[in-house]
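These protein sequence lines are chains W and L, in that order.
Just so we're aligned: 1333 in the numbering used here is position 253 of the first sequence, and the numbers increase by one with no gaps anywhere.
Just so we're aligned: 1390 in the numbering used here is position 310 of the second sequence, and the numbers increase by one with no gaps anywhere.
Where is the CB? At the ideal position from N, CA and C, for every residue including glycine.
All of these numbers come straight from a predicted model, not from anything done at the bench.
Below is one structure, written out as structure tokens, with a few remarks after it.
Number of protein chains: 2
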Amino acid sequence: MSTAAVARPARQESLRHHNLGLVLRHVVDAARPVSRADVAAATGLTRATVSSLVDRLVEARLVAELPPVAAQRAGRPAVPLVPAGGAVVGVGLEVNVDYLGVRVLDLTGSVLAEEVRHGDFRRSDPAEVLATLAALERAVVGPLRARGTVVTGVALALPGLVDRITGPLRVAPNLGWRDVDVLALLARHEASEGVLAPWLGNEANLAARAEARARRATGPTSFVYVSGEVGIGAAVVLDGAIFPGRHGWSGEIGHMVVDLGSGTTLEALAGQDAILDRAGLPRETPVGALCAAADAGEPRVLQALAVAGRALGVALANVVNIVDVEEVVLGGTHAVLADHLRGPLEEALARHVIVAPWAPVEVVLAQAGAYPALTGAALAVLQAVVDDPVASGVVAG
Amino acid sequence: MSTAAVARPARQESLRHHNLGLVLRHVVDAARPVSRADVAAATGLTRATVSSLVDRLVEARLVAELPPVAAQRAGRPAVPLVPAGGAVVGVGLEVNVDYLGVRVLDLTGSVLAEEVRHGDFRRSDPAEVLATLAALERAVVGPLRARGTVVTGVALALPGLVDRITGPLRVAPNLGWRDVDVLALLARHEASEGVLAPWLGNEANLAARAEARARRATGPTSFVYVSGEVGIGAAVVLDGAIFPGRHGWSGEIGHMVVDLGSGTTLEALAGQDAILDRAGLPRETPVGALCAAADAGEPRVLQALAVAGRALGVALANVVNIVDVEEVVLGGTHAVLADHLRGPLEEALARHVIVAPWAPVEVVLAQAGAYPALTGAALAVLQAVVDDPVASGVVAG
DNA sequence: GCGATAAGTTCAGTCGCATAACAAATGGCT
DNA sequence: AGCCATTTGTTATGCGACTGAACTTATCGC
């Protein structure tokens, strides 16, 4: 009943599409090279079928064969398969408060090229900033393209509300942008190049995607990712998949009301500016200095961080009670401050998460490295390739 | 990258499975009888394929053919197809604080049989209550089964935390149950009958499922369903699908902290007991009487409801900011009190939902009727049939 | 050097959908 | 009344994609 997602008819080709994705996913997700026989055993397909599918993937330069290594057991040695490096790539873009950048990833997850420009983009002019970004993208991607690299798509991370259905950026408070038609502004600089129009996404959501990939090997991938920068963003990941919400506006916890009487929001207690204000430090203080002051035992700083930690803990307990995930992943400035936040944060989680007795919530640090949204944006594009290599145009029908 | 759901290989039969579900869903979800040709046009399958699939569905008694009606336009008159009534059914069970019951639905959505027993199950003995439930189920389902009705499954709604992975009921505070192996207790009374083991689910989640089906025709089906009974439960529905969370423990908003300083939770402000206390009425007061007192303009009552409405509004704004849905659906006692809650509730939503300027949150009343969780439980079973008629064993391979 | 073993390929068989022609049943027009 | 246009549903025929089994290839161990 209650018809869920858009349902399409399944034709003969659908099998191939699905199974190509299945095989490719096994090769990409494997920790070490796998053989055709391994893939067959793991997927439940026959060796014959896997062979046929792998051949297509090799032809499309999504999978590469390594030279056989000396086998240690009897039998014909396996041909090791790995995701092809450098051939098919996704491009991640990001505009944030104090930097913008481009990062290019291939299917192995390695960074082929990257460029980050620092600057102050508060109250910036969208047209100008996006022109800079487009130029940077051209400079980075151009040489790759010239070498024959296939760019399957581009995704742009923005620190604001992007409507995934209707397109425009509604508002990015920290950039001072409002109702900006990002695609149109970018198209001015790119159409001539034949560059693909980027997908747009929220910075926290895309960073969480990078985090999901980074945590893939180590354990469960259902978590809330908290990204503390100037504001506080979050994203919900369930079984490795981002929860987007209806419009792509999920995870906006910065404005969560944590005090009904005063209407105080989380950001007013655990945001970067709020912490600095309460600590009696100027707002320009870098996070490192704040952390150092805390390490030195500065009482006002410790007090401010205790308040922030508790507020964050209560807010995240509320989130966990609503979406039922197993972990809290701290990213951005909150990762740097984790040592000082963790105590009150974990206490609040243990007290207020209703299922804590049966499924205690772990608090862990982000592993995705610097500029995770850049990585996540590129991964979003590559994920689409893996999910359906044919639809994304990389494999011939 | 980041492998999402469990991926299975697609074989030839997978096509058939998928397309059987697709066709059945079209017939079930259609507002009026449809022809094979209609289904073909709507799904993108050919008439030949649809014919073949429909024949199987008719044979499995999932779809029925009506006598052709006089056509109003040229051409051979269509054979109207409808979901078969009374042949294949889902059984919904529920144990709640002051009643338990059984409801049997067929694919048309009509109630074939139903029995509700009122009682006080606070601090009850699980074994005893479940024995009563099993007897009631036997009494209701037995005669149907004797008539040849096919029972595809049973689902049991409980007002507590049910681990959908490991099975047991962790805790149902208002029943006073804790770590109850519901399946084992039920099996004692049912194994002999050859009755299926029920799926277990949270009452609010299953009620939301009924609500999603009821709202199917009228508009968007992304909402938060709030079910105020003795406690306050909620469920998130996105595009018609329940958001279950990792363990099935999503939507636990009753314990949301809305006042950091005091640690006050939503239930302490908007729960039934809390409202009655603040209104100066005894806790046994029925909701109708409370509502009447409010209608009469009793100042303390109005004050209590204003407090509750605002608290609920803030809590739901927090939920909407996290999961990004379009509507709030009020069920249970909150539906009865809606007139008095709506004002402060809508004000809080407008003020605190960050995307309200672009996507205002609608507040609407539940439409699913009495005991929605009973309906939702039965629908859950039927949904599984529609999603994959073969896997659920109703259609021959 | 030969058998055991495992990887990968080839080929017939089967399943399920598409395509297209055909049969059935009705309204509209002369 | 009779014929055509129109639409529904059915009946071949073909093709794509997977399975299963036999076969080839390549290595290890004795």
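What do you reckon, are the CB atoms on residue i and residue j nearer than 7 Å?
i: L:Pro1089; j: W:Thr1123; result: yes
i: W:Val1058; j: W:Val1443; result: Outside the modelled stretch of chain W, which goes from 1081 to 1477, sits residue 1058 of chain W, for which no answer is possible.
i: L:Leu1025; j: L:Val1169; result: With chain L covering 1081 to 1477 only, the question about residue 1025 of chain L has no answer from this structure.
i: W:Arg1244; j: W:Gly1328; result: yes
i: W:Leu1276; j: W:Ala1237; result: no
i: W:Leu1142; j: W:Ala1164; result: yes
i: L:Val1306; j: L:Val1405; result: no
i: W:Val1466; j: W:Leu1104; result: yes
i: L:Pro1239; j: L:Glu1208; result: no
i: W:Pro1452; j: W:Ala1290; result: yes
i: W:Glu1332; j: L:Asn1401; result: yes
i: L:Ser1472; j: L:Thr1229; result: no
i: W:Arg1293; j: W:Leu1459; result: yes
i: W:His1097; j: W:Asp1468; result: yes
i: L:Ala1140; j: L:Val1461; result: no
i: L:Leu1187; j: L:Val1108; result: yes
i: W:Asp1339; j: L:Asp1178; result: no
i: L:Val1403; j: W:Ser1330; result: yes
i: L:Leu1102; j: W:Ala1087; result: yes
i: L:Gly1256; j: L:Arg1203; result: yes
Thinking C-alpha only, which one of the options is nearest residue i?
i: W:Val1435; options: W:Val1399, W:Ala1446, W:Tyr1451; result: W:Val1399
i: W:Gly1281; options: W:Val1387, W:Arg1105, W:Pro1248, W:Thr1126; result: W:Pro1248
i: W:Val1171; options: W:Glu1217, W:Ala1128, W:Pro1206; result: W:Glu1217
i: W:Leu1161; options: W:Val1403, W:Leu1425, W:Asp1118; result: W:Asp1118
i: L:Pro1379; options: L:Glu1347, L:Val1262, L:His1420; result: L:His1420
i: L:Pro1157; options: L:Pro1147, L:Val1262, L:Asp1186; result: L:Pro1147
i: L:Leu1417; options: L:Thr1212, L:Gly1473, L:Ala1464, L:Leu1356; result: L:Leu1356
i: L:Ala1252; options: L:Thr1298, L:Asp1109, L:Ser1302, L:Phe1201; result: L:Phe1201
i: L:Trp1438; options: W:Ala1376, W:Val1242, W:Ala1321; result: W:Val1242
i: W:Asp1261; options: W:Pro1206, W:Val1107, W:Asp1186, W:Gln1152; result: W:Pro1206
i: L:Leu1210; options: L:Asp1186, L:Ala1264, L:Arg1363, L:Gly1423; result: L:Ala1264
i: L:Gly1360; options: L:Leu1385, L:Ala1457, L:Val1317, L:Arg1258; result: L:Leu1385
i: W:Ala1457; options: W:Ala1111, W:Leu1125, W:Gly1189; result: W:Gly1189
i: W:Ala1450; options: W:Arg1153, W:Arg1116, W:Glu1174, W:Gly1299; result: W:Glu1174
i: W:Leu1382; options: W:Arg1422, W:Arg1363, W:Leu1445; result: W:Arg1422
My understanding is that residue i touches residue j, with C-beta atoms under 8 Å, so please give their C-beta distance in whole angstroms.
i: W:Val1159; j: W:Glu1145; result: 5 Å
i: L:Thr1279; j: L:Ala1235; result: Note that residue 1279 of chain L is Trp in the sequence shown here, rather than Thr. Contact flag correct, Cβ pair sits at about 4 Å.
i: W:Thr1344; j: W:His1335; result: Not confirmed; about 11 Å, so no contact.
i: W:Gln1447; j: W:Arg1295; result: 6 Å
i: W:Gly1389; j: W:Pro1424; result: 4 Å
i: L:Val1387; j: L:Arg1358; result: 6 Å
i: L:Ala1111; j: L:Ala1297; result: 6 Å
Does the beta carbon of residue i fall short of 6 Å from some heavy atom of the ligand NAP?
i: W:Thr1301; result: As for the ligand NAP, it is missing from this structure, which has no ligand bound.
Q: Mind the definition here: the region 1365-1379 of chain L touches the region 1259-1268 of chain L only if three or more C-beta pairs lie below 8 Å; say whether that holds.
A: no
**Q.** Given 8 Å, three or more beta-carbon pairs between the region 1295-1313 of chain W and the region 1410-1417 of chain W
**A.** yes
Q | At least 3 beta-carbon pairs within less than 8 Å: the region 1187-1199 of chain W vs the region 1131-1140 of chain W | A | no
Q.
Can you confirm whether the region 1176-1191 of chain L touches the region 1214-1221 of chain L when touching is taken to mean that 3 or more C-beta pairs between the two stretches lie within less than 8 Å?
A. yes
Q: Could you list the residues in the region 1238-1256 of chain W with a C-beta less than 8 Å from some C-beta on chain L, going in chain order?
A: Leu1241, Asp1243, Arg1250
(Q) Whether or not the region 1426-1433 of chain W and the region 1386-1400 of chain W are in contact is what I'm after, with contact meaning three or more pairs of Cβ atoms, one per stretch, closer than 8 Å; do they touch? (A) yes
(Q) Can you pull out the residues from the region 1192-1225 of chain W whose beta carbon lies closer than 8 Å to at least one beta carbon of chain L? (A) none
Q | Contact between the region 1313-1322 of chain L and the region 1350-1365 of chain L (3+ Cβ pairs under 8 Å) | A | no
(Q) Taking beta-carbon pairs under 7 Å, can you tell me which members of the region 1131-1152 of chain L lie near chain W? (A) none
Q) Listed in chain order, which residues of the region 1400-1416 of chain L have Cβ atoms closer than 8 Å to some Cβ of chain W? A) Asn1401, Ile1402, Val1403, Asp1404, Val1405, Glu1406
Q) Of the residues that make up the region 1376-1398 of chain L, which ones have a beta carbon closer than 8 Å to any beta carbon in chain W? A) Arg1390, Ala1391, Val1394, Ala1397, Asn1398
Q: Give, in chain order, every residue of the region 1338-1357 of chain L whose Cβ lies closer than 7 Å to some Cβ of chain W.
A: Val1338, Asp1339, Leu1340, Gly1341
Q. Which of the residues in the region 1435-1456 of chain W, read from start to end, lie with their CB under 9 Å from any CB of chain L?
A. Val1435, Pro1437, Trp1438, Ala1439
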